[in-house]
Each structure stands twice: as structure tokens, then as C-alpha cells.
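Order-wise, the sequence lines are chains B and F.
Going letter by letter, the first sequence gives residues 4 to 309 in this note's numbering.
Going letter by letter, the second sequence gives residues 4 to 309 in this note's numbering.
C-beta: ideal position from N, C-alpha, C; glycine also.
The structure displayed is predicted, hence computed values, not measured ones.
Protein chains: 2
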Amino acid sequence: MYKDSGTNFASLSPTEIKQWLESFDTVLTDCDGVIWVDNNPLPQATDVINKLVGNGKQLFFVTNNSTKTRPEFVDKSVKLGFNVGIENIISTAYLAAQYLKAKSFTKKVYVIGSTGITRELDAVGIRHIGIGPDNLQGSLAEAVRGFTPDPEVGAVIVGFDEHFSFVKIMKAASYLNNPEVLFIGTNTDERFPMPDCVIPGTGAIVNAVTTCAERLPTVMGKPNKYICDILEQQYNVNPTRTLMIGDRCNTDILLGKNCGFQTLLVETGIHKAADVKQFAQSDDQETRKLVPDVYAGKLGDLLPYL
Amino acid sequence: MYKDSGTNFASLSPTEIKQWLESFDTVLTDCDGVIWVDNNPLPQATDVINKLVGNGKQLFFVTNNSTKTRPEFVDKSVKLGFNVGIENIISTAYLAAQYLKAKSFTKKVYVIGSTGITRELDAVGIRHIGIGPDNLQGSLAEAVRGFTPDPEVGAVIVGFDEHFSFVKIMKAASYLNNPEVLFIGTNTDERFPMPDCVIPGTGAIVNAVTTCAERLPTVMGKPNKYICDILEQQYNVNPTRTLMIGDRCNTDILLGKNCGFQTLLVETGIHKAADVKQFAQSDDQETRKLVPDVYAGKLGDLLPYL
């Protein structure tokens, strides 16, 4: 049914759409650019999500955003009209906490990030240090002399941190000098372009620490397969009967490809049909992985068929 | 005379050493780990440098350190007994200023760095903004709203900055969103390992900005060829009759290889004979580039032959 160059949802017959909708039991969806933009739901997105849940699909919001806890995501979702609970949210902060819990981690975590991460660590009883402003006071030599590594630190988590600083790179890299200290990155999104400025993404922060530590982190977020492990182990998800929906091919669609999921791109965020066409024509096999099975103008286009 | 696996200076006969010393007119040398460590000259290094100058060699101290101006380097060098003047110093801050001067640059520079850079810009009459602490005050939303890009900024220089912050990444990437804004990195050294901590190098800072800006900088420092252009254009240096001395193969020796210089590794800093042996045995051509022509225990080993 699907073309190598991606299938336009609008070109499918009602019978083909019905068949497609019956081909998955689990739906994973990105949030920003798919179901909402900032605090505004996208047209009919709320109805589509609620119908999918009503029709018995197992639903997960999958987000690379590490600044909110799962209860905070639920609050936002419910306020915007989505019928979801904490069991429907997979965030990178949650995954990082689960990752350490699965390793029976009992030491402390040095966190570059926000309360989005530390509250998820609190929820699994893992101690942490580091969040909040930590800037150079006095000279660099004084900062070096004044830094006493906490011997209880056994992991470094790097996520989105608006207080990111030179001193934080120094501390993270110093802990990571011990090869036994675990290194976790929540996600590697490069940036958030705004009308008049560019907001750094976690990827910029992770790359600073990676360069200085001369080590690569285990990354929790899309497009890395770790989410898939959690879904299979904790929720019995069957990859071939799972649909990943997203607006960004190099995170959402690639996650789908990396995990063996079906994929749907909606054109209400980063990537559009023209990008899909370009990816499909590439000579590079890795680029061709960015082509979704199906693409639609918006998530709301599914509503008449649910 | 030289082996593909590097030639041990100690294995050369006095005749071979004399021949070797006569094969170059220009000597470029790294500083830290070669002629001094912090504020202590290495054994006989002062005598070797002063003899080389006395024997008529054209000498340059070539440093990736962007925190000092050339006059500040001269001060330090003279205090430690080296007979050098400003004409003998090539620093990345100086190179960055020369790079913009050569382009007849008349706009402003947004600097992530220190007075080491801004004083070199002042010396060539180029205006700048940005140095010093610049941390998040209030919320991220306030910082975004409060940032008014300076329309006069036409270049971003990224160097070593102990006040590096999230806000600085945001500003640099925002300026670099305009493809006409020039992007210069002083150097890409990853880190400075200390006994109890790891101090971030400029490479960590550059990589954070690069990730967020989705652009690569023109890098001034070793191992990039730009130094070679300046030496040929401004000082008529002949690459084949030039010796590059260093303690780090992936900056100093690689610069030599990239520029067609002869190379000497001294084992008083980062890399040792054992590393050279390992590089020489690599299947990877790029790794084999790290093998110096000659390696010696210390620079002082040359003294008896000068």
C-alpha cells in the first residue's frame, strides 16, 4: 500500500484508511507541532487523540522535553482537553529516572537540567545535586580550588538547563573522568528557532559536556531506541503494530524506523511533504530512513475515519 | 633519514643532528608543555630557544591560548628568560583579529571570550560586545523577550570564556542565524585535565555554539592551516624549511603535517614515544598523520648541538 517515497494520506481510499487504522494497536505521538503548539491545541487534534483512546488504542505522548515531569504534562494535556493520565506520558526525564532505577542505582546524580528531571529522580528515590544557577564567582583558579567533587556521585544526567554554565561543564566533566560514573543525555535536539532568536536545545548542552568529557552519553530521547526497550518491557508493546506520529523526521520518524514502528508525519511542525520528497530522492541510505510511511497535512485529517 | 614510525632524536648521530638543524630556517613552537609548564620553564628550554634565535632562526611561539594578548605573552616570556618580542608571538586571538582586518571588516563582533580577544580587536580598531558575565536573570521567556539583537554585529568570535553561559549560546546562535555573519572559533582544544578536575577547553564552548547555530566556524588555531597562510603572506615563511615543535600530536604535529612543515615532538607534555608508536601502527591514514618526523625527551636535548 505504501510507496518508498512516502504515501500521501489524502491519496488513500476510505477502505485503505480503515485497513491502515486497524493495522496498529499502539499509538505513540510527539506533542509540540503534532497535537499542540505551545499552549494551543492544533485543529481537531484533541478529538483525534480522544477518539483513538476511545477506540481502544494504547496511547503514549512521547516527548524529548526534559523540563516537565509526567504529572506536569498530564496537567497541561488535560487543560487542553486530552483524555490522558500519567500512564500515557513518556518523557525523557522519566526515562532517565527509569534507566537508573533499572540499574538499581543507589548513588547520587549530578544533574545539568531542571526540576523536570530532579522530581522524576525524587519519585524513584534517587538523590541528586546540581540544579539552579552555578556561575563563576571570582577567578577560574578559585573555582578550581573551590570544587570538591562529591564522592557519592555515580551518574551525570544532562538535559535542558537555562542556567547552563562553564562551571557546570567543568563539574560534569570532572565527575565523568571516572569511567564508572554513568553518563546520560536526555535528548539531542539542537535548537528551537524563534522569530527573533534561537533558543539552544539540549543537544548544544550535551555536546559541550561530551567534548570536554571525551565520552558519549546514553541518550534517552528520540530517535534513540531506548524508548522502545521500555515500551516492550513495561507495556508489552508490539513494534509492528505500533504507529509513531511526529512532525520531525530526524527525531520522530527516525525513532519509528529505529524501533520497527509504522510512521506518520503531520505537516503542522518542522518537516513538510517537500522535505519527504527530498529525503526519498537521497542517495544516502540514512537519509532515506527519514521518509515516513504516510504523511498528512494535519492530525485532524484522520478524524472523519475514526 | 627519518622513519615512517618517527625517528628518535637520541638515535641520531651528531652529523645527522647538524644536518637536521641546517634543514630549517624557521622554528614554530608550542608553549605549554614544550618550553614551559604554567609559570615554570622546562629544563634548558630557555637556552635552546635563545640559541636558536642567536643562530639566526626565525622563531614564533604559536599558541592556541586565546586568553592573553601578544604583549601579555611577551611579558610572560621575557620574565621566564626568553629573548622574544611581539613579532615572535602568534596567538589565536591575534589571528582572529588579523582575519577580520584582512577582510576589511567594519561591523561589530559578538565575542564569547575574554580581554585576550577584545584587546587584539581594539588594536586593529574593530568594535565588539559580549565579554564578561551574562547569565539568565529571571525566566527564559523574559530573556528571550529582553534580547534585542544588535544590527551592527557582523561576526561572532568564540574563544575560551570562563563566563560561558546558556544566554551566550542563545545570543551567538541568534546572530549566526544570519548567514552573512562570520563565524570564527579561536581553537578546538577539548579540555585541560587537572589533578582533581577537568577544565573545559575552547572546543567544548565552540561545539555548543556550533550545535545550536547549525554552522561550522572558521578555526584559527592549530591544527588548522590558517596560521600557515598568515606565516607565508606576512613573514615569507618557506614551509619545507620550517620546523614545528610541540607536545601534542593532534594539534602541533598535525598542524605541521597540514602545512608541509617538518615536525618535532617533545615528551614533556601530552604525547609520548609510546603514543607515536601506536599512531604509526594505525590502519587509518589520518591517525598516521600524527607521527612526528623526530621525537625527543625534551627540548633541552637539542642544547649540546646548538
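Determine the direct distance from the alpha carbon of residue j to that of residue i, and round the result to whole angstroms.
i             : j             : result
residue 18/F  : residue 69/F  : 40 angstroms
residue 101/F : residue 225/B : 43 angstroms
residue 146/B : residue 170/B : 8 angstroms
residue 98/B  : residue 223/B : 6 angstroms
residue 183/F : residue 159/F : 11 angstroms
residue 108/F : residue 200/B : 24 angstroms
residue 282/F : residue 194/F : 21 angstroms
residue 6/F   : residue 265/F : 13 angstroms
residue 289/F : residue 26/B  : 49 angstroms
residue 117/F : residue 157/F : 19 angstroms
residue 132/F : residue 152/F : 11 angstroms
residue 255/F : residue 247/F : 7 angstroms
residue 173/B : residue 186/B : 14 angstroms
residue 23/B  : residue 294/B : 17 angstroms
residue 167/F : residue 285/B : 38 angstroms
residue 305/F : residue 35/F  : 18 angstroms
residue 253/B : residue 237/F : 46 angstroms
residue 235/F : residue 163/F : 27 angstroms
residue 87/B  : residue 140/F : 35 angstroms
residue 212/B : residue 21/B  : 48 angstroms
residue 176/F : residue 203/B : 8 angstroms
residue 49/F  : residue 67/F  : 20 angstroms
residue 178/B : residue 277/B : 45 angstroms
residue 138/B : residue 11/B  : 50 angstroms
residue 128/B : residue 161/B : 19 angstroms
residue 135/B : residue 113/B : 12 angstroms
Find the residues of chain F that neighbour residue i, judging by a C-beta separation of less than 7 angstroms, and give them in chain order.
i             : result
residue 167/B : 168 and 169
residue 143/B : 165
residue 177/B : 200 and 201
residue 172/B : 203 and 207
residue 68/B  : The contacting residues do not exist; residue 68/B stays about 13 angstroms from chain F at best.
Report the CB separation of residue i from residue j in whole angstroms; it is logged as a contact under 8 angstroms.
i             : j             : result
residue 268/B : residue 279/B : 7 angstroms
residue 296/F : residue 274/F : The pair is not a contact, with the Cβ atoms about 14 angstroms apart (cut-off 8 angstroms).
residue 122/B : residue 72/B  : 4 angstroms
residue 37/F  : residue 271/F : 7 angstroms
residue 89/B  : residue 63/B  : That belief does not hold up - the Cβ atoms of residue 89/B and residue 63/B are roughly 11 angstroms apart, past 8 angstroms.
residue 228/B : residue 261/B : 5 angstroms
residue 188/F : residue 220/F : 4 angstroms
residue 111/B : residue 155/B : 4 angstroms
residue 33/B  : residue 65/B  : 6 angstroms
residue 55/F  : residue 309/F : 7 angstroms
For the beta strand (DSSP E) that contains residue i, what are its first and last residues?
i             : result
residue 298/B : 297–299
residue 29/B  : 29–32
residue 55/F  : Per DSSP, residue 55/F belongs to no beta strand (DSSP E); it is in the alpha helix (DSSP H), 48–57.
residue 265/F : 265–269
residue 132/B : 130–132
Could you name the residues of chain F that residue i contacts, counting a contact when the two beta carbons are closer than 8 angstroms?
i             : result
residue 139/B : 136, 165 and 166
residue 150/B : 199 and 200
residue 193/B : 214, 215 and 217
residue 300/B : Neighbours of residue 300/B on chain F: none; closest Cβ ~27 angstroms, over 8 angstroms.
If I follow the unbroken alpha helix (DSSP H) through residue i, where does it start and stop?
i             : result
residue 218/F : No alpha helix (DSSP H) holds residue 218/F; DSSP gives it neither H nor E.
residue 257/B : 257–262
residue 120/B : 118–126
residue 17/F  : 17–24
residue 326/F : Chain F is shown from 4 up to 309; residue 326/F falls before or after that span and cannot be answered.
residue 289/B : 288–291
residue 143/B : 143–149
List the residues of chain B whose Cβ lies closer than 8 angstroms to the Cβ of residue i, in chain order.
i             : result
residue 283/F : Here the premise fails: no neighbours, minimum Cβ distance about 22 angstroms.
I'd like to know whether the C-beta of residue i is nearer than 8 angstroms to at least one C-beta of chain A.
i            : result
residue 94/F : Given the protein chain composition of this structure (B and F), no chain A is represented.
What residues from chain F crowd round residue i, counting only those whose CB sits closer than 9 angstroms?
i             : result
residue 180/B : 196, 200 and 201
residue 147/B : 197, 199, 200 and 202
Quick check: does the Cβ of residue i come within less than 7 angstroms of any heavy atom belonging to the ligand GDP?
i             : result
residue 250/F : Among the components of this structure there are no ligands whatsoever, and the ligand GDP is therefore not found.
Taking C-beta pairs closer than 7 angstroms, name the residues in chain B that residue i reaches, listed in chain order.
i             : result
residue 114/F : The premise fails here: residue 114/F is roughly 15 angstroms from chain B at the closest Cβ pair, so nothing lies under 7 angstroms.
residue 210/F : 210, 211 and 214
(request) List in chain order: all unbroken alpha helix (DSSP H) runs of 4+ residues lying wholly within the stretch 162–200 of chain F. (result) Inside the stretch 162–200 of chain F, DSSP marks whole alpha helix (DSSP H) runs of 4 or more residues at positions 169–179, from first to last along the chain.
(message) My parser needs the alpha helix (DSSP H) runs of 4 or more residues fully inside the stretch 228–252 of chain B; what are they?
(response) Qualifying alpha helix (DSSP H) stretches, in chain order: 229–238.
(request) Taking only runs that begin and end inside the stretch 60–113 of chain B, name each unbroken beta strand (DSSP E) of 3 or more residues, in chain order. (result) Entirely contained in the stretch 60–113 of chain B, the beta strand (DSSP E) runs reaching 3 residues are, in chain order, 61–66 and 92–94.
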